[in-house]
Each structure stands twice: as C-alpha cells, then as structure tokens.
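Under our numbering, think of the first position of the sequence shown as -7, with each following residue one higher.
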Amino acid sequence: MSTQNTAPAEARTETRIAQHRHYLMCRPEHFTVSYTINPWMEPANPTDTARAVAQWQTLYDTYLSLGHEVELIDPIEGLPDMVYTANGGFVIDNVAYGARFRFAERAAEGPAFMRWFAENGFDVAEPVEVNEGEGDFLLVGDTILAGSGFRSTDHSHREVGDVFGKDVVSLKLVDPRFYHLDTALSVLDPVEGPGGVERANIAYLPGAFDAAGQAILAERYPDAIRVDDADGAVFGLNSASDGYNVLISPRAKGFEAQLRERGYNPVLIDLSELLLGGGGIKCCTLELRR
Ligand code: ARG
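What follows is the structure in structure tokens.
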C-alpha cells in the first residue's frame, strides 16, 4: 500500500510515502501493574484491564485500517508486561535476536517470544547479553541505534552488531523516565527506494541522552525533529511511523504540529491505561522484518 500525502503544498517539505509494515502485538488480557521496574509503575494505583484491552484494540484496528499486517502472540497469565512486544526481540531480515530481560519479573517473556519466532519461521539468535529488544534497538536506515543506561547493556550492543553485521551507535540514556531508547527516540522513515534507503529521519528528546549522545544525534541527524520536554513527558516519542502516518499520543500537541509541518500525518491513539505500566504505542509494537 502506498498513500500519497494530501497536506497542502505549502506545508509539505517532502513527499511522504506510507510503507507496508508487519508487526507483532499481544492483547493485554493479563495487563496490570503489580511490580515496579520503571518510574511510571505504581502498584497502588488501580488498573482497568478491560480499558487497556479496548485502547489496545484501537491501536490494532488502526494498523489494519492503514493496510499493515499484524500478528499476535498469545498473552501468558502472570506476565502482565507481555503487551509491550517491542521488548520481545529485534528482527531484521528474518533473523530474530532474542531478548534477555534485566528484571526477573519479565525474564520468562524472553523464551516465550523466542518460541513464537521459531514457530513462525524466523531464525532465532539466542542472546547471551542482557537486552530488551526493539525497546533499546532501533533500525535507522542501515544503522542500529542502541540505548543503554537502564536496561540493555553495552555488551548487548556489540552482540546485536555481530548478529546482524551492521553498525551500532551506542546512546546512553540518563533520565529514568525514559529508560528504553524507544521512549526517547522515534524512527520516522526510512523510505526505501530502488537504490536502498533514501531517507532515514528521526525525532528525539535531547534531554534523555547524555552529552555525548546528544552530540552524536545532532551530527548524524541534522534534520531530526527535536521534541520538547512536555511532549516527551507524555511519551510522545513512543510512536510508530510507516513513513507517512505517525501514530502518536493525543497529548503530544507540539510533536503533532511538528509532524504536520514536515508533511507527516499524525494519527492520535490514546493508550493512557498502558502508560500506567510505562509503555505506549511503540512499546506495544514489534516490527517483523521478513
Ligand atoms: N513495564 C514495562 C517495563 O518496564 C514497560 C515496557 C515498555 N516497553 C518499551 N518498549 N519501552 O519493562
């Protein structure tokens, strides 16, 4: 599917093309907050599982209506964070690098996702190092941006580079609210053309990175959208783009305007209930690159 953007010409800097995406999601049937492994999680605050499922369903339905393909992994009782499938692995060219979770509460998810990958025709690369999948590894063009500081280790950055034979750029996260790379940085393209990747832009929250990381991002992505703190604080960057449609939180007003200015089409999806677990749109979405 390929949708031309319909933004008025004066608001359009470049033509955006929606590319087909293939995702893995997990219905939050067992979602709750019963432990704390990030600053958003407050077990004392009540959660509403039915509401979580309904909000998640809207995200799922939106992907389908945009023409994307979504596969589902069965939720497992006792693993309330399994809805955040981005952490289940990192998949490029049909190879699934498995996750090895930092905290015991999520440890059993690693093998569960690897079983799903194997049963669904992916080659599984079992991890030795602690890493939380696409939560901390993002493919931008042909480069892997890798987060460390709270979850995935620097050793896993080397391991992921070896598995995929790609350059890895390590970025240190410094704000505990933005403990996974995908909470602080969003991949807006890539747009592939006949000659390979033609454009690979990102949006990010500068303050989530240390000074070295900020310098690397500024140098590599001079055209990046820099999101302000207010939009970062509502998980605006935890978003999913197909190159034209960018699914974001309805609370990220400034980011929404920045996207429009650049000719993207922001699609607002409210996952407030899943934010109680410290996750948003991207956390609930793992890209399956066959
Ligand atoms: N409660 C989960 C955790 O702390 C949320 C994971 C969010 N996932 C993500 N890709 N950022 O591990």
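Just so you know, even glycine gets a beta-carbon here, dropped at the ideal spot from N, CA and C.
Only a predicted model underlies this, so the values are computations on that prediction, with no experimental measurement involved.
Original post:
Looking only at C-alpha atoms, which of Ala216, Asn193, Leu180 sits nearest to leucine 239?
Top reply: Leu180
**OP:** Using the DSSP secondary-structure output, state which residues sit across from glutamate 279 in a beta bridge.
**Re:** Tyr15
**OP:** Kindly examine the ligand ARG and report whether one of its heavy atoms sits closer than 7 Å to the Cβ of arginine 92.
**Re:** no
Subject >> Inter-residue Cα distance where the pair is phenylalanine 156 and alanine 88 >> reply: 10 Å
Original post:
How is glutamate 6 classed by DSSP in three states: helix, strand or coil?
Top reply: coil
Original post:
Given 8 Å as the limit, is there contact between the segment 132 to 149 and the segment 230 to 239, that is, 3 or more CB pairs closer than that?
Top reply: no
Original post:
To which residues of the same chain is valine 116 closer than 7 Å at the C-beta, ignoring the five residues directly before and after it?
Top reply: Ala88, Gly90, Met106, Phe109, Ala110
**OP:** Indicate the three-state DSSP secondary structure (helix, strand or coil) for aspartate 154 in the structure shown.
**Re:** helix
Subject >> Residue burial classification, arginine 98 (beta-carbon count within 10 angstroms, cutoff 16) >> reply: buried
Subject >> Integer-rounded CB distance, given that aspartate 73 should sit under 8 Å from glycine 269 >> reply: 6 Å
Subject >> Contact between the segment 17 to 29 and the segment 245 to 252 (3+ Cβ pairs under 8 Å) >> reply: no
**OP:** Compare the C-beta of glutamate 265 with all C-beta atoms of chain D and state if any pair is closer than 8 Å.
**Re:** This model lacks chain D altogether; it includes just one protein chain.
**OP:** Write down the C-beta distance between arginine 143 and aspartate 128 rounded to the nearest angstrom, noting that I regard them as a contact closer than 8 Å.
**Re:** 6 Å
**OP:** Please report the residue range of the beta strand (DSSP E) in which proline 194 lies.
**Re:** In the sequence as presented, proline is not what sits at residue 194; that position holds isoleucine. Start and end: 194 to 196.
Original post:
Would you say the beta carbon of methionine 17 comes nearer than 7 Å to a heavy atom of the ligand ARG?
Top reply: no
**OP:** Would you give the residue range spanned by the beta strand (DSSP E) that proline 103 belongs to?
**Re:** Here proline 103 belongs to no beta strand (DSSP E); instead the alpha helix (DSSP H) covers 101 to 111.
Original post:
Near aspartate 215, which residues of its chain fall below 7 Å by C-beta distance, leaving aside the five closest residues on each side in sequence?
Top reply: Asn193
Subject >> Burial state of arginine 13, where buried means 16 or more other Cβ atoms lie within 10 Å >> reply: buried
**OP:** On a CA-only basis, which of Glu126, Glu34, Gly59 is nearest cysteine 276? Give me that one, please.
**Re:** Glu126
Subject >> Nearest-angstrom Cα separation, counted from tyrosine 256 out to proline 0 >> reply: Residue placement at proline 0 is poorly supported in this model, since its pLDDT is 48, which falls under 50; the coordinates still yield a value, given next. Taking the straight line from one Cα to the other gives about 11 Å.
**OP:** Use the C-beta contact count for glutamate 69: other C-beta atoms within 10 angstroms, 16 or more gives buried, fewer gives exposed.
**Re:** exposed
Original post:
How is glutamate 63 classed by DSSP in three states: helix, strand or coil?
Top reply: strand
Original post:
How close, in whole Å, do the beta carbons of valine 160 and valine 152 come, if the pair is a contact with beta carbons under 8 Å?
Top reply: 6 Å
Subject >> Through-space distance from asparagine 123 to threonine 145, alpha-carbon basis >> reply: 6 Å
Original post:
In terms of alpha-carbon separation, which member of His147, Thr39, Gln49 lies closest to cysteine 18?
Top reply: Gln49
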